[in-house]
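If you count the sequence shown from 1, position 210 lands on 215 in the working numbering, and the numbers rise without skipping.
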Amino acid sequence: MTAKLIDGNLVAALVRDQIRNDVRDWVGQGNRPPFLQVVQVGNDPASSTYIRAKTRACEDVGIETATAHLPDTVSALELKQQIQGFNESDAVDGILVQLPLPDHLSQHDVIESIDYRKDVDGFHPMNVGRLAVDQPTFRSCTPAGILELFRHYSIPTKSKHAVVVGASNIVGSPMAIILSRENASGKATTTICHKYTRDITRHTIDADILIVAAGQPGLIKAEMVKEGVVVIDVGINRIADETSEKGYRLVGDCDFEGLKEKASWITPVPGGVGPMTVAMLMKNTLLAAKHSIYPR
């Protein structure tokens with residue numbers, strides 16, 4: 006068996022087309038364009054790359070954006086004061102604090118300081134809690150993007166065994182919650198594996214759907230999965246590559262070459278989940294501008 010490729014670039018382009026049309030209609034009704042405020046602390050190169058990609062995506066669909074760039078020495082109080090200003094501004098629809106943050110800043114405290122009605126990343130405890138009880142909320146962008154891939158390619162989740170490798174608050178935990186819900190995007194039996202899981206292969210070998218977000222290049226090998234599995238590789242890791250102009254190449258958490266011979270569907274890295282995460286951020290920002298989740 007040779008896997009069919011799940012093309013995140015293709016599906017993300019379709020999502021952006023729809024958002025672009027929706028933004029055009031929204032502005033045509035006399036509303037201002039949606040506005041996304043990004044906050045960057047420090048000069049992490051990967052963070053800067055991600056922000057540039059998000060900014061370009063915003064411009065492409067008609068969403069306005071600005072980045073507040075703060076030094077990595079900024080205090081927690083100063084950062085929260087900056088965020089509070091954006092919370093109170095009627096001109097700001099969505100707020101995104103680019104992660105990771107310097108060690109002296111608490112990621113949880115900073116996220117909680119964002120007005121949950123502007124939390125377009127879907128990380129605020131209010132939005133995570135509403136997700137857990139199946140209420141309207143801003144869904145975390147990566148899980149939301151994966152669901153969109155399932156919908157586009159008609160990959161069923163009902164009654165499937167979905168194994169999620171990685172239990173982060175950003176991907177693994179919300180993904181498992183969504184897949185286990187009693188609604189159209191769920192109805193799966195869900196297992197979460199993490200760094201304390203004994204004999205991870207015992208779980209992955211039984212997966213109908215395998216979603217890997219562990220941050221470990223090449224973690225999942227072909228012998229760890231069964232024939233016909235659907236593989237969603239969320240990992241994006243830089244490894245040294247002297248043949249590359251940049252000196253590195255991007256790989257996922259799965260051995261793509263080995264797995265593609267056993268899987269029924271598989272996402273590449275890059276070009277799989279990543280573009281969908283950005284597209285869902287655009288969607289959440291539009292929802293925030295329209296007050297679709299939290300009417301005012």
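Heads up, the beta-carbon is just placed ideally off N, CA and C, and yes, glycines get one too.
Rounded to the nearest angstrom, what separates residue i and residue j at their Cα positions?
i    : j    : result
V1   : R135 : Because residue 1 is not part of the residues shown, which for the chain are 6 to 301, the question remains open.
I271 : K9   : 6 angstroms
R144 : E228 : 33 angstroms
Q34  : R25  : 14 angstroms
C63  : R207 : 42 angstroms
I119 : I244 : 34 angstroms
I237 : V217 : 6 angstroms
I116 : M6   : 44 angstroms
L303 : P141 : Nothing about residue 303 can be reported from this structure: the residues present for the chain run from 6 to 301 only.
S80  : H129 : 20 angstroms
R37  : V169 : 40 angstroms
A293 : L84  : 22 angstroms
P275 : G150 : 15 angstroms
Y121 : K295 : 15 angstroms
Q103 : I205 : 31 angstroms
D98  : T290 : 7 angstroms
K226 : D30  : 47 angstroms
For the alpha helix (DSSP H) containing residue i, name the first residue and the last one.
i    : result
H157 : C146 to H157
A58  : P50 to V66
Q45  : Per DSSP, Q45 belongs to no alpha helix (DSSP H); it is in the beta strand (DSSP E), F40 to V46.
V236 : Note, V236: premise wrong, no alpha helix (DSSP H); beta strand (DSSP E) at V235 to D238.
E262 : F261 to L264
T248 : It is not in any alpha helix (DSSP H) - T248 carries neither H nor E in the DSSP assignment.
Where DSSP assigns a beta bridge to residue i, which residues make up the other side?
i    : result
R243 : L255
I116 : I116 is not bridged to any residue.
D27  : BP columns for D27 are empty, so no partner.
G90  : Paired residue(s): none; G90 is not in a bridge.
L10  : I271
D108 : Answer by DSSP bridge pairing: none, since D108 is not bridged.
Output needed for residue i: all residues of its chain with C-beta closer than 8 angstroms, excluding positions within five of it in sequence on either side, in chain order.
i    : result
K231 : I210, D211, A212 and K267
G220 : G171, G240, N242 and D258
L101 : L41, Q42, V43, V44, K59, V125, D126 and L286
I56  : V43, Q45, T72 and Q103
The beta strand (DSSP E) that contains residue i, what's its start and end?
i    : result
G99  : G99 to V102
V170 : H166 to V170
T70  : E69 to L75
By Cβ distance below 7 angstroms, which residues in the same chain neighbour residue i in space, the five residues on each side in sequence not counted?
i    : result
Y253 : R243, I244, A245 and D246
D13  : Residue identity check: residue 13 is Gly in the sequence provided, not Asp. For G13, where only same-chain residues beyond five positions count, the Cβ hits under 7 angstroms are L154, T272, G276, G277, V278, G279, P280 and M281.
Starting from the C-beta of residue i, find all residues in its chain whose C-beta is less than 6 angstroms away, skip the five residues before and the five after it, and write them out in chain order.
i    : result
K265 : A8 and I271
E69  : P38 and F40
Using 6 angstroms as the cut-off, classify the Cβ of residue i as near or not near the heavy atoms of the ligand NAD, replying yes or no.
i    : result
K192 : In terms of ligand content, the structure shown is empty, and the ligand NAD therefore cannot be addressed.
Could you tell me which whole beta strand (DSSP E) segments of length 3 or greater appear in the region 182-227? 194-198 and 214-217
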